[in-house]
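Below: one structure, written as structure tokens.
2 protein chains.
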Amino acid sequence: MQIVLLSGGSGKRLWPLSNDVRSKQFIRMLKGTNGEPESMVMRVYRQIMETVPGAAVTIATGKKQVSAIKNQLGDTVNICVEPGRRDTFPAISLAAAYLKDVLGVDAEEPVVICPVDPYVEQQYFHAVKRLGELAAEETADLLLMGMEPTYPSEKYGYIIPEDSEAVSGVRAFQEKPDLETAKRYLSQGALWNGGVFACKLGYLLKKAHDQIDFTGYQDLYDNYSSVKSISFDYAVVEKEKSVRVFRYSGEWKDLGTWNTFAEAMDGETLGKVTLNETCENTNVVNELNIPILCMGCKNMVIAASGDGILISDKGQSSYIKPFVDRMEQQVMYAEKSWGSFTVLDVQEESLVIRIVLLPGHGLHYHSHEHRDEVWTVMSGEGRVILDEVERRVKAGDVISMPAGCRHTVFADTELKINEVQLGRDITVEDKIKHELT
Amino acid sequence: MQIVLLSGGSGKRLWPLSNDVRSKQFIRMLKGTNGEPESMVMRVYRQIMETVPGAAVTIATGKKQVSAIKNQLGDTVNICVEPGRRDTFPAISLAAAYLKDVLGVDAEEPVVICPVDPYVEQQYFHAVKRLGELAAEETADLLLMGMEPTYPSEKYGYIIPEDSEAVSGVRAFQEKPDLETAKRYLSQGALWNGGVFACKLGYLLKKAHDQIDFTGYQDLYDNYSSVKSISFDYAVVEKEKSVRVFRYSGEWKDLGTWNTFAEAMDGETLGKVTLNETCENTNVVNELNIPILCMGCKNMVIAASGDGILISDKGQSSYIKPFVDRMEQQVMYAEKSWGSFTVLDVQEESLVIRIVLLPGHGLHYHSHEHRDEVWTVMSGEGRVILDEVERRVKAGDVISMPAGCRHTVFADTELKINEVQLGRDITVEDKIKHELT
Numbered sequence: 005m006q007i008v009l010l011s012g013g014s015g016k017r018l019w020p021l022s023n024d025v026r027s028k029q030f031i032r033m034l035k036g037t038n039g040e041p042e043s044m045v046m047r048v049y050r051q052i053m054e055t056v057p058g059a060a061v062t063i064a065t066g067k068k069q070v071s072a073i074k075n076q077l078g079d080t081v082n083i084c085v086e087p088g089r090r091d092t093f094p095a096i097s098l099a100a101a102y103l104k105d106v107l108g109v110d111a112e113e114p115v116v117i118c119p120v121d122p123y124v125e126q127q128y129f130h131a132v133k134r135l136g137e138l139a140a141e142e143t144a145d146l147l148l149m150g151m152e153p154t155y156p157s158e159k160y161g162y163i164i165p166e167d168s169e170a171v172s173g174v175r176a177f178q179e180k181p182d183l184e185t186a187k188r189y190l191s192q193g194a195l196w197n198g199g200v201f202a203c204k205l206g207y208l209l210k211k212a213h214d215q216i217d218f219t220g221y222q223d224l225y226d227n228y229s230s231v232k233s234i235s236f237d238y239a240v241v242e243k244e245k246s247v248r249v250f251r252y253s254g255e256w257k258d259l260g261t262w263n264t265f266a267e268a269m270d271g272e273t274l275g276k277v278t279l280n281e282t283c284e285n286t287n288v289v290n291e292l293n294i295p296i297l298c299m300g301c302k303n304m305v306i307a308a309s310g311d312g313i314l315i316s317d318k319g320q321s322s323y324i325k326p327f328v329d330r331m332e333q334q335v336m337y338a339e340k341s342w343g344s345f346t347v348l349d350v351q352e353e354s355l356v357i358r359i360v361l362l363p364g365h366g367l368h369y370h371s372h373e374h375r376d377e378v379w380t381v382m383s384g385e386g387r388v389i390l391d392e393v394e395r396r397v398k399a400g401d402v403i404s405m406p407a408g409c410r411h412t413v414f415a416d417t418e419l420k421i422n423e424v425q426l427g428r429d430i431t432v433e434d435k436i437k438h439e440l441t
Numbered sequence: 005m006q007i008v009l010l011s012g013g014s015g016k017r018l019w020p021l022s023n024d025v026r027s028k029q030f031i032r033m034l035k036g037t038n039g040e041p042e043s044m045v046m047r048v049y050r051q052i053m054e055t056v057p058g059a060a061v062t063i064a065t066g067k068k069q070v071s072a073i074k075n076q077l078g079d080t081v082n083i084c085v086e087p088g089r090r091d092t093f094p095a096i097s098l099a100a101a102y103l104k105d106v107l108g109v110d111a112e113e114p115v116v117i118c119p120v121d122p123y124v125e126q127q128y129f130h131a132v133k134r135l136g137e138l139a140a141e142e143t144a145d146l147l148l149m150g151m152e153p154t155y156p157s158e159k160y161g162y163i164i165p166e167d168s169e170a171v172s173g174v175r176a177f178q179e180k181p182d183l184e185t186a187k188r189y190l191s192q193g194a195l196w197n198g199g200v201f202a203c204k205l206g207y208l209l210k211k212a213h214d215q216i217d218f219t220g221y222q223d224l225y226d227n228y229s230s231v232k233s234i235s236f237d238y239a240v241v242e243k244e245k246s247v248r249v250f251r252y253s254g255e256w257k258d259l260g261t262w263n264t265f266a267e268a269m270d271g272e273t274l275g276k277v278t279l280n281e282t283c284e285n286t287n288v289v290n291e292l293n294i295p296i297l298c299m300g301c302k303n304m305v306i307a308a309s310g311d312g313i314l315i316s317d318k319g320q321s322s323y324i325k326p327f328v329d330r331m332e333q334q335v336m337y338a339e340k341s342w343g344s345f346t347v348l349d350v351q352e353e354s355l356v357i358r359i360v361l362l363p364g365h366g367l368h369y370h371s372h373e374h375r376d377e378v379w380t381v382m383s384g385e386g387r388v389i390l391d392e393v394e395r396r397v398k399a400g401d402v403i404s405m406p407a408g409c410r411h412t413v414f415a416d417t418e419l420k421i422n423e424v425q426l427g428r429d430i431t432v433e434d435k436i437k438h439e440l441t
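Going line by line, the protein sequences match chains A and B. 144 is the number that the numbering used here gives to position 140 of the first sequence; each next residue is one higher, with no gaps. 190 is the number that the numbering used here gives to position 186 of the second sequence; each next residue is one higher, with no gaps.
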């Protein structure tokens, strides 16, 4: 069985823990199994591995998330990289072409498509597995998961089933309604559309070729920007006659705001935090190296990262977006495929960064036009290449790289490096990649 | 006229802005005159210079504060350094001996002694000046300032005057009372003892020699640890027959807790702070480089520095001390006589620091036994001396100092340096000072 996880959104609603390069699904704040907190992506992937043994997982996502996915899941998942953002129908079509042309998946194999960020129990993935089996058994061309609603929500689309059986035909699809309409849907036994679909790979490929003119994966990838932006719901689901819905009644949460996110946290606090005895219903996440002391805080959510500090009443926390939009955004922390970087100091003509390289990983071979750089190895061992000359490095070694010098470093053990960037015009754009010969 | 400012206390009540090396009087948070916020020390010194022209100011303080005083006031004030902490009578005796033996002040000159940290208007220093004049005019041997109480406080000692004249004899001195007793004192026309005294220098010297066996300043300094710890009130004031009290009715605040300190702040916020429209009666000081966003905060005080972050209900903020006592205290930021240092990164076997050296200043010549250090000059120009060899340095230069290497740096223009410390046993104690030959 193939499982395709759709991973989108840069997401500012969970600032300062989410930013342009770290979407909410990569924040490590949920209760993990080995004592370490895990992210939504790590949690969902672990749950799939535990519930659907033998499933092959492919993550369909944009370029910016590739580093974070590799950092958190390693090389065990397939990643289908979208060259741009074109809504879910092009993304799923590209993923289908990827499965066929890159991974060689048979057209008869069932595929389940899910969002990457639901907060759910194992039961949900048992349902995902069942949905894939229903597709394999040819119960219908397209199978949907319908969530039993717990309240008349205005946030979701609705599926009106033909009957109340576990697997049922579909009478109608409905857009996000207003409150009164939602109440009427509920009285008709409607289900939320949770964005989970199953079908055979061949079905996806046929729908893609019907609506997009392309020869195969590479062709679609190369011409992705000219493909029409449209959702899979509009392009496929709502037009399909051979469609059935499978009922799911377990827990299913969207952790889209601090208020809901805080509820799923592993305990009241994460990181160096002290709450005095007069604090009530307050959650604190501290990714900084310095302690936070809270006294008399009530119904608050507090989050601190290298990007900034949020101190908010829980009710107010859902109104964060316009404030974050206005903030100057310098990414202060990012997880990369090779490790992570943290901005430590920003001065007028210099920038100090801590680089952590995972064992066996290295940077791209690159140079800068407008800045000099100095590395001081803080711990670990590895190899540095400067203008094609390789040398071994260890803690205490200093490497000076004037502007123009081609450089990279590879870690044999975990390498921590203090990098000082010097120049009048320090930007992330000033980076020229080179081939290592 | 000589003015002696007593500057004591390390003070944890204003954590995280105050720490072992930065007492509350050095926090730059009050409204200054040139648009830049100023500290209590800077404010008091400026007010004295404006109100008592020609006054010579001496600050009596401990070793730990000398750097911060020089950083904030420059070399214009005299500093009488106490070799240890022995309460106010030994401190004032040492300051008297310092005035006579080091500064050569005449025994007939009046001296006013005040705490360094009252939050007051200019009117207070007009009263200080008047108190000194009353001492010069021999109105009495000892003159006190009596603050007209605004409520029956249990925090202050009381002076019961003989009458309600501007200058009056003293009927009695009273310890800090309970509430009922304080109310009775107020009905008797009592005044708060504000810890401000005036007399001639000769009077102080006589009292010192009467109770302490010493020959002069150097002798007292050398044997300071064997002097009995006792307050000036107990040892001198309460025994004095020739004493009069001068009434002061202006504003006089003790900014000892976050609640009172916040009221004196220059505006609601300092530093990178956004308060949304639902915040009420909330003060935020942010010394960090990252933004703070507050939403729906009511009656709160928030303070962030390199040492930590306090998020507190205003009422709760006075109960901070036991929590700070329990916190592991690594000083993350300190102002020194030569500039400042900021800890940027703490790793297991390394530490990264930003050093800012003021023009014309340098570090002590020193070495470390157990750690290597690497400097990367971020901006500015100066001279480095390594094992007696001097060289010029500028932005981009890198200096490696293995353990044992004697080193220092002098700034010609303001110098910013990134320092990486490397070793298994990095401590502030590992510092051997050397003479520069």
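C-beta atoms are modelled at their ideal positions from N, C-alpha and C, and glycine is treated no differently.
What is the C-beta distance between residue i and residue j, in whole angstroms, given that I count them as a contact (C-beta under 8 Å)?
i: S354/B; j: V424/B; result: 6 Å
i: I315/B; j: I296/A; result: 7 Å
i: T380/A; j: I421/A; result: 7 Å
i: Y102/A; j: T65/A; result: About 12 Å separates the two Cβ atoms, so there is no contact after all.
Is residue i close to chain A, meaning its C-beta is less than 8 Å from at least one C-beta of that chain?
i: Q29/B; result: no
i: I313/B; result: yes
i: G300/B; result: yes
i: S383/B; result: yes
i: A338/B; result: no
i: T380/B; result: yes
i: I306/B; result: yes
Counting only C-beta atoms, is residue i closer than 8 Å to chain B at any point?
i: Q351/A; result: yes
i: V356/A; result: yes
i: P363/A; result: no
i: L53/A; result: This sequence places Met at residue 53/A; Leu is not what is there. Not one chain B Cβ lies under 8 Å of M53/A.
i: M331/A; result: yes
Checking 8 Å against the spacing of the C-beta atoms, do residue i and residue j come in under that value?
i: I389/A; j: H368/A; result: no
i: G319/B; j: G300/A; result: yes
i: M149/B; j: L138/B; result: no
i: N293/A; j: V56/B; result: no
i: V200/B; j: I73/B; result: no
i: S71/B; j: S341/B; result: yes
i: R89/B; j: V231/B; result: no
i: M151/A; j: W256/A; result: yes
i: Q192/A; j: V120/A; result: no
i: N227/A; j: F218/A; result: yes
i: E142/B; j: L205/B; result: no
i: P156/B; j: L195/B; result: no
i: E281/B; j: N303/B; result: no
For residue i, count neighbouring C-beta atoms within 10 Å of its own C-beta (all shown protein chains included) and say buried if the count is 16 or more, exposed if not.
i: A307/B; result: buried
i: P122/A; result: buried
i: V393/B; result: exposed
i: A170/A; result: exposed
i: E86/A; result: buried
i: N197/A; result: buried
i: K187/A; result: exposed
i: D311/A; result: buried
i: I31/A; result: buried
Any chance the CB of residue i is under 7 Å from a heavy atom of the ligand FMN?
i: A176/A; result: Judged by which ligands are present, the structure shown has none, so any question about the ligand FMN falls away.
Contact residues within the segment 399 to 427 of chain B, judged by C-beta distance below 7 Å to chain A
A399, G400, V402, S404, K420, N422, V424 and L426
Return the residues of the segment 367 to 378 of chain B that lie within a Cβ-Cβ distance of less than 9 Å from chain D, sorted by chain order.
The structure shown contains no chain D; its protein chains are A and B.
Any C-beta of chain B within less than 7 Å: which residues of the segment 270 to 298 of chain A qualify?
Only those residues of the segment 270 to 298 of chain A whose C-beta falls short of 7 Å from the nearest C-beta of chain B are listed: T278, N280, T282, N293, I294, P295, I296, L297 and C298.
When you check each C-beta in the segment 209 to 238 of chain A against every C-beta of chain B, which residues fall closer than 8 Å?
none
Listed in chain order, which residues of the segment 314 to 327 of chain B have Cβ atoms closer than 8 Å to some Cβ of chain A?
L314, I315, S316, D317, G319, Q320, S321, Y323, I324 and F327
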